[in-house]
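**Student:** In order, the protein sequences belong to chains A and B.
To convert a position in the first sequence, counted from 1, into the working numbering, add 73.
To convert a position in the second sequence, counted from 1, into the working numbering, add 73.
2 protein chains.
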Amino acid sequence: MNAQKDGSINSVVYHPIGIIRSPHKEGSKTPIQPIYADGCRGFVEIFPQYAEGLRGLEDFSHIFLIFHLHLRKEVKLIVKPYLHDKEKGVFATRSPHRPNAIGLSLVRLEKIEGSRVYVNDLDILDGTPLLDIKPYTKELDSRLTSKDGWIEGIDPKEARRKGRRTGT
Amino acid sequence: MNAQKDGSINSVVYHPIGIIRSPHKEGSKTPIQPIYADGCRGFVEIFPQYAEGLRGLEDFSHIFLIFHLHLRKEVKLIVKPYLHDKEKGVFATRSPHRPNAIGLSLVRLEKIEGSRVYVNDLDILDGTPLLDIKPYTKELDSRLTSKDGWIEGIDPKEARRKGRRTGT
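#1: Return the bridge partner residues of A:R297 from the DSSP annotation.
#2: Who does B:T201 pair with in a DSSP beta bridge?
#3: Count the other C-beta atoms from every protein chain shown that fall within 10 angstroms of the C-beta of B:V180, then say buried if there are 16 or more, exposed otherwise.
#4: Is it true that the region 213-228 of chain A meets the region 195-215 of chain B, where meeting means three or more beta-carbon pairs spaced less than 8 Å apart?
#5: Can you give me the Cβ contacts of B:I105 inside the same chain, cut-off strictly under 6 Å, excluding the 5 residues immediately before and after it?
#6: Could you pull the start and end residues of the beta strand (DSSP E) that B:G115 belongs to?
#7: Please list, in chain order, the residues of the region 161-188 of chain B that have any C-beta partner in chain A closer than 9 Å.
#8: In or out: A:L144 buried (at least 16 other Cβ within 10 Å) or exposed?
#9: Look at the Cβ atom of A:K161, then the Cβ atom of B:R128, and state whether they are nearer than 8 Å.
#10: Going along the region 77-96 of chain B in order, which residues come within less than 9 Å of chain A, judged by CB to CB distance?
#11: Scan the region 128-187 of chain B and note each continuous beta strand (DSSP E) run of 3 residues or more that stays entirely inside, going in chain order.
#12: In chain A, what lies closer than 9 Å to B:L213 by C-beta?
#13: I want to know whether the region 108-123 of chain B touches the region 84-93 of chain B - three or more CB-CB distances under 8 Å.
#14: Establish whether the CB of B:I139 and some CB of chain A are separated by less than 8 Å.
#15: By alpha-carbon positions, which one of A:A232, A:L130 and A:K102 ends up nearest to A:L195?
#16: Name the chain A residues whose beta carbon is nearer than 9 Å to that of B:G112?
#17: Using a C-beta cutoff of 8 Å, does A:K207 count as contacting chain B?
#18: Output the distance between the C-alpha atoms of A:L203 and A:N173, rounded to the nearest integer angstrom.
#19: Can you list, in chain order, the residues of its chain with a C-beta nearer than 6 Å to that of A:P169? Leave out the 5 residues immediately preceding and following it.
#20: To the nearest whole angstrom, what separates the beta carbons of A:V163 and A:I175, a pair I think is in contact under 8 Å?
#21: Is it true that the CB of B:K207 sits closer than 8 Å to the CB of B:I136?
#22: Taking only three categories from DSSP, how would you classify A:K98?
#23: Output needed for A:R199: all residues of its chain with C-beta closer than 8 Å, excluding positions within five of it in sequence on either side, in chain order.
#24: How about A:V86 and B:S84: are their beta carbons less than 8 Å apart?
#25: If the criterion is Cβ atoms closer than 8 Å, does the pair B:L182 and B:S134 meet it?
#26: If you draw a straight line from the C-alpha of A:V234 to the C-alpha of A:E186, how long is it?
#27: Measuring only between beta-carbons, confirm whether B:Y123 sits less than 8 Å from chain A.
#28: By DSSP, does A:P107 sit in helix, in strand, or in coil?
#29: Compare the Cα-Cα distances from B:E231 to each of B:K149, B:I139, B:T210 and B:H157 and report the closest residue.
#30: Should A:G126 be listed as close to the ligand NAP, given that the test is whether its C-beta is under 7 Å from any heavy atom?
#31: List the residues of chain A that B:F133 touches, going by C-beta distances under 8 Å, in chain order.
#32: Where does A:G226 land, buried or exposed, given buried means 16+ other C-beta within 10 angstroms?
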């Protein structure tokens, strides 16, 4: 972590804690969100030095994976969402073209064996570096929203068909 | 992003896109989760070069803030959660003592004025560097969990009282 003269931080450095193993080998054939990836199974291989940190995680049915979008090349502040035809600011979308290439996926945890965390609903490319895991609970992480932005206008059935992208 | 000989990545570098301004000036008096921070208002000051990326964000009632826990000093793989009396792996908790000091908070968006994003439910320390904003929608991000781990055993009223920590 580097600080500027005024004390503010100008960069942060993270080290992957594991790697994501998934059936998705191509970006263009990877589901765009976990809810479109039902049945897409894979696992996270946690590096041995961090495996102790998984204790108790198996008691949760859903977990957040936070990862580095390692194949993202270009940053775009204005993007056209995959399921929408109007341009939006990148922070109003889940596009990978964000200034910091951080991905967030909420997946179903199926089981843990040693340092392998097996999951379903996987919308992440094979070989993606994992930065963090956090437990998801309905009490802490579920909300009744009043406005869902441009996503409100999308037909859920059509989104499910187009958003899956794997052809399966 | 640095690669090792086998092609895997051993570090990633991010640059803050803004800074979080909040009423919380001390870690020990900061609410531990957004659901315990009703009425704690503040704003995110997005740096001017990224402000265009906010376009359309005002149409969402809830947003994820992803930030760097800049005051986290020690990494602990086993922690005792604030609201629980048994030790757990850090990835089964939301403790700041994680290997990569990444924070995730789901907050209510109140309004956007220029490059300032005003929010409620703020459980983040003043001066925290912001790494990313993502929109939250009930369709994409809300789940019916079947197991909520050690958090199931906590009395919601007691959690609300203890988890707020600000004394207000």
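Even for Gly, the Cβ is constructed at its ideal location relative to N, Cα and C.
**Tutor:** To lay it out plainly:
#1: In the structure displayed, chain A extends from 74 to 241; residue 297 of chain A sits before or after that span and is not available.
#2: Numbered from its first residue, the second sequence carries residue 201 of chain B at position 128. The partner list for B:T201 (beta bridge, DSSP) reads B:I93.
#3: Within the second sequence, the letter at position 107 stands for residue 180 of chain B. Under the 10 Å beta carbon count, B:V180 is surrounded by 16 or more other beta carbons and is classified as buried.
#4: Look at the beta carbons and you see the region 213-228 of chain A touching the region 195-215 of chain B: at least three pairs across the two are nearer than 8 Å.
#5: In the second sequence, counting from the first residue as 1, residue 105 of chain B sits at position 32. If we look at B:I105 and ignore the five residues flanking it on each side, its Cβ neighbours are Y155 and G236.
#6: Reading the second sequence from its first residue, position 42 is the one you call residue 115 of chain B. Taken as a continuous stretch (DSSP letters only), the beta strand (DSSP E) holding B:G115 covers G115 to I119.
#7: Within the region 161-188 of chain B, those residues whose Cβ lies closer than 9 Å to any Cβ of chain A are, in chain order, K161, G162, V163, F164, A165, T166, R167, R171, P172, N173, A174, I175, L177, L179, R181 and L182.
#8: Taking the first sequence and counting its residues from 1, one reaches residue 144 of chain A at position 71. By the 10 Å Cβ count, A:L144 comes out exposed.
#9: Taking the first sequence and counting its residues from 1, the one referred to as residue 161 of chain A is at position 88. Taking the second sequence and counting its residues from 1, the one referred to as residue 128 of chain B is at position 55. Cβ atoms of A:K161 and B:R128: closer than 8 Å.
#10: Taking a C-beta cut-off of 9 Å against chain A, the contacting residues of the region 77-96 of chain B are G80, S81, I82, N83, S84, V85, V86, Y87, H88, P89, I90 and I92, listed in chain order.
#11: The region 128-187 of chain B contains these whole beta strand (DSSP E) runs: 135-141 and 175-186.
#12: Locating residue 213 of chain B in the second sequence gives position 140, where the first residue counts as 1. Neighbours of B:L213 across chain A, judged by C-beta separation under 9 Å: Q106, P107, I108, R167, L179, D221 and I224.
#13: Yes, the region 108-123 of chain B touches the region 84-93 of chain B.
#14: For this step, residue 139 of chain B is matched to residue 66 along the second sequence. Interface residue, yes.
#15: Along the first sequence, one-based indexing puts residue 195 of chain A at 122. If we check each option's Cα against that of A:L195, A:K102 comes out closest.
#16: If you number the second sequence from 1, residue 112 of chain B lands on position 39. Neighbours of B:G112 in chain A, taken as residues whose beta carbon is under 9 Å from its own, are absent, since the nearest beta carbon is some 16 Å off.
#17: Your numbering for residue 207 of chain A matches position 134 in the first sequence. By this cut-off, A:K207 is an interface position.
#18: Along the first sequence, one-based indexing puts residue 203 of chain A at 130. Along the first sequence, one-based indexing puts residue 173 of chain A at 100. About 15 Å.
#19: The residue labelled residue 169 of chain A in the question sits at position 96 within the first sequence. Same-chain partners within the cutoff: L142 and R145.
#20: Residue 163 of chain A sits at position 90 when you count from the first residue of the first sequence. Residue 175 of chain A sits at position 102 when you count from the first residue of the first sequence. Not a contact, Cβ separation roughly 12 Å.
#21: Against the second sequence, residue 136 of chain B aligns to sequence position 63. Against the second sequence, residue 207 of chain B aligns to sequence position 134. If you check the CB distance, B:I136 and B:K207 come in under 8 Å.
#22: Against the first sequence, residue 98 of chain A aligns to sequence position 25. Assignment of A:K98 by DSSP, reduced to helix, strand and coil, places it in the coil class.
#23: Taking the first residue of the first sequence as 1, we reach residue 199 of chain A at position 126. What sits at residue 199 of chain A in the sequence shown is Asp, not Arg. Non-local C-beta neighbours of A:D199 in its own chain, meaning closer than 8 Å and more than five positions away in sequence, comprise I93, R94, S95, P96, H97, K98 and G115, ordered along the chain.
#24: Here residue 86 of chain A corresponds to residue number 13 of the first sequence, with the count starting at 1. Here residue 84 of chain B corresponds to residue number 11 of the second sequence, with the count starting at 1. Contact flag set, yes.
#25: Within the second sequence, numbered from 1, the residue matching residue 182 of chain B stands at position 109. Within the second sequence, numbered from 1, the residue matching residue 134 of chain B stands at position 61. B:L182 is a Cβ neighbour of B:S134, given a cutoff of 8 Å.
#26: On the first sequence, residue 234 of chain A is found 161 positions in, with the first residue counted as 1. On the first sequence, residue 186 of chain A is found 113 positions in, with the first residue counted as 1. The sequence given here places Arg at residue 234 of chain A; Val does not occur at that position. A straight line joining the alpha-carbon of A:R234 with that of A:E186 spans about 33 Å.
#27: As a working note, residue 123 of chain B is residue 50 in the second sequence. Yes, B:Y123 counts as interfacial toward chain A.
#28: Position 34 of the first sequence, counted from the start, is the residue given in the question as residue 107 of chain A. Here A:P107 sits in helix by DSSP.
#29: If you number the second sequence from 1, residue 231 of chain B lands on position 158. Ranking B:K149, B:I139, B:T210 and B:H157 by CA distance to the CA of B:E231 puts B:H157 first.
#30: Looking at this structure, you won't find the ligand NAP or any other ligand, since it has none at all.
#31: Residue 133 of chain B sits at position 60 when you count from the first residue of the second sequence. Neighbourhood of B:F133 in chain A, by CB distance below 8 Å: A165, T218, K220, D221 and G222, in chain order.
#32: By one-based count along the first sequence, residue 226 of chain A stands at place 153. When all chains shown are included, A:G226 counts as exposed.
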